[in-house]
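J.: Before we start, here is the structure in question, set down as structure tokens.
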Amino acid sequence: MKLPSFETQPGETVIYRTRPNRKWYAVAWNIASDLVGISLLTFVGMIIFSAPVTGLLAGFLPPETAAVIVQFLCLGIVPLLVTAWAAEDVIRTFTAEFILTDQRLWVRGSPYAWSRGETPLEDIAAMTCRRNAVFVRQESTRKPQVHVCSDGKAFVKAYEELSARIAVM
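Position in the sequence shown (from 1) plus 38 gives the number in our numbering.
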């Protein structure tokens, strides 16, 4: 599968560009933390939610059927969904890219089409950063964009410097 790549438009200058983090320890940390999260979620979910949900389902299903459904949910569907999310999180480590130019903000968060987009600089009302999240508030919509970026502070600083230069002109 070919990932969408950034292409500059005529007269466009790249101001700041983040690169995907392909260091082995970053990937190992992501995988290990996701595995711990999946294990804890499965264990805690099975302990805390299995008895109440089985009792709830036993109100209108046979108890054996209710127990099988709860086991299927707690040991099958939920861990599978969390594993898919964790795999996407690890893939994002390899593919995430943020590019700030003098005309637009271009983002590719993961290989999926819905995590890619570009925003013209004129449409950006504000950009802030908290921990690993970059929040982009647009003038055209009330819903903010939230992107996960390891060097988000440097990215926001580059945007602020660019917007200050544009305001002076």
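All residues carry an ideal CB built from backbone N, CA and C; glycine is no exception.
Mark Tyr63 as exposed unless 16 or more other C-beta atoms lie within 10 angstroms of its C-beta, in which case mark it buried.
T.: By the neighbour-count definition (other C-beta atoms within 10 Å, threshold 16), Tyr63 is an exposed residue.
J.: Of all the options Val172, Gly97, Thr157, which has the alpha carbon lying nearest to the alpha carbon of Lys191?
T.: The residue from Val172, Gly97, Thr157 with its alpha-carbon nearest to that of Lys191 is Val172.
J.: I need the boundaries of the beta strand (DSSP E) containing Arg60, first residue and last residue.
T.: Note, Arg60: premise wrong, no beta strand (DSSP E); not H, not E.
J.: Are the stretch 42-62 and the stretch 91-111 in contact at 8 Å, needing three or more beta carbon pairs?
T.: Between the stretch 42-62 and the stretch 91-111, the count of C-beta pairs closer than 8 Å stays below three; the two stretches do not touch.
J.: If we count Cβ pairs, one from each stretch, closer than 8 Å, do we get three or more for the stretch 110-129 versus the stretch 75-88?
T.: yes
J.: Whole angstroms is fine: what's the gap from Val145's alpha carbon to Leu119's?
T.: 25 Å
J.: Taking Thr139 as the reference, which of Ile53, Tyr197, Trp67, Pro100 has the closest Cα?
T.: Ile53
J.: Which of the three DSSP states, helix, strand or coil, is assigned to Glu50?
T.: coil
J.: Does any CB atom of chain C fall closer than 7 Å to the CB of Glu50?
T.: Within the model displayed, chain C is absent; a lone protein chain is all it includes.
J.: Going residue by residue through the stretch 69-156, where are the continuous alpha helix (DSSP H) segments of at least 4 residues, counting only ones entirely within it?
T.: Along the length of the stretch 69-156, whole alpha helix (DSSP H) runs at least 4 residues long occupy 101-110, 116-133, reported in chain order.
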